[in-house]
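See structure below.
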Amino acid sequence: MGFFKSRQEKEGPEIQEEPHYHHPLLEIVRIVSSNNPEILDSARKCMKNTEKYYQYHMEDYEARGMSLKDSQASLQWIGCIDLLIRHQFACECDWCEELSGFLLAVSDLKNVKRHSLEIEEGWFQPRESIPQWCEVLDKKWEKSGYVMAAFDIDSDSYVMFLCQKNFLKKLTALAESLGFRIDLAMNM
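Take 1 as the starting number for the sequence shown in full-length UniProt numbering and just add one per residue.
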């Protein structure tokens with residue numbers, strides 16, 4: 001009985017390495033959503049039948065200026081990112097967002113709350129930009145092992161998410177394999 005107890009206590013980190021998904025976008029969603037089964041199920045639906053998913057979420061796509069004429073890969077990329085935003089695993093801020101809006105968006109992220117990461121308004125200069133504010137967070141959260149990363153969606157907004165620093169290289173490579181970009185938010 002003691003063997004099983006000690007084995008359970010040793011069980012892994014919050015984001016487990018398994019199962020890996022064969023499609024890079026599903027693996028990205030898995031990592032960013034902390035293995036959320038509901039989000040993964042919706043992402044699979046987006047991948048399996050992109051046109052049907054588009055029809056169901058047409059308003060969201062049209063708000064981004066997208067249509068079925070866009071590539072399937074782009075529709076899947078944006079569909080999965082919007083899914084992460086809806087479930088508060090990512091947040092989107094306009095390039096000219098004020099500090100108060102940025103702080104509210106980041107502090108509402110599920111993973112920021114889950115890991116009780118501190119955010120103090122006094123750390124920031126209101127006249128700076130989102131990448132500069134993200135750099136401040138990266139420095140403040142350095143010991144926790146988390147950074148603010150971002151999806152490049154080819155727009156003037158920033159789509160940011162909390163990322164374990166040791167997963168950033170993998171996420172960057174997965175996005176590049178699809179022809180897209182994930183990087184530190186301070187580099188966007």
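C-beta: ideal position from N, C-alpha, C; glycine also.
Asked, Found
"Cβ distance (whole Å) where G79 is taken to contact H57 below 8 Å", "7 Å"
"4 or more residues per run - each alpha helix (DSSP H) lying fully within the UniProt domain \"DUF6630\" (25 to 184)", "37 to 48, 50 to 56, 58 to 63, 72 to 86, 99 to 107, 110 to 114, 130 to 140 and 165 to 177"
"Validate contact between the region 132 to 141 and the region 177 to 186 using beta carbons, cut 8 Å, 3 pairs", "yes"
"Pair within 7 Å by beta-carbon distance, A105 and C91", "yes"
"Closest by C-alpha distance to L178, when choosing among A149, S71 and F102", "S71"
"C-beta contact flag for R181 and A175 at 7 Å", "yes"
"Nearest candidate by alpha-carbon position, reference residue 189, set D154, L162, D156 and R127", "With the chain covering only 1 through 188, there is no way to say anything about residue 189."
"Backbone CA spacing between P126 and D156 [nearest angstrom]", "19 Å"
"M188 (DSSP reduced to helix, strand or coil)", "coil"
"Cβ-Cβ distance between V32 and F89 below 7 Å", "yes"
"Straight-line gap, F124 to L99 (C-alpha atoms, nearest Å)", "8 Å"
"Cβ-Cβ distance between K165 and V136 below 7 Å", "no"
"Span separating the alpha-carbon of E118 from that of K69", "43 Å"
"Pairwise C-alpha distance: I85 and P37", "15 Å"
"Candidates L25, C93 and E59, of which the one nearest R44 by Cα", "L25"
"Chain C within 7 Å of S177, Cβ atoms only", "Of the protein chains in this structure there is only one, and it is not chain C."
"For W141 and E121, the rounded distance between their alpha carbons", "14 Å"
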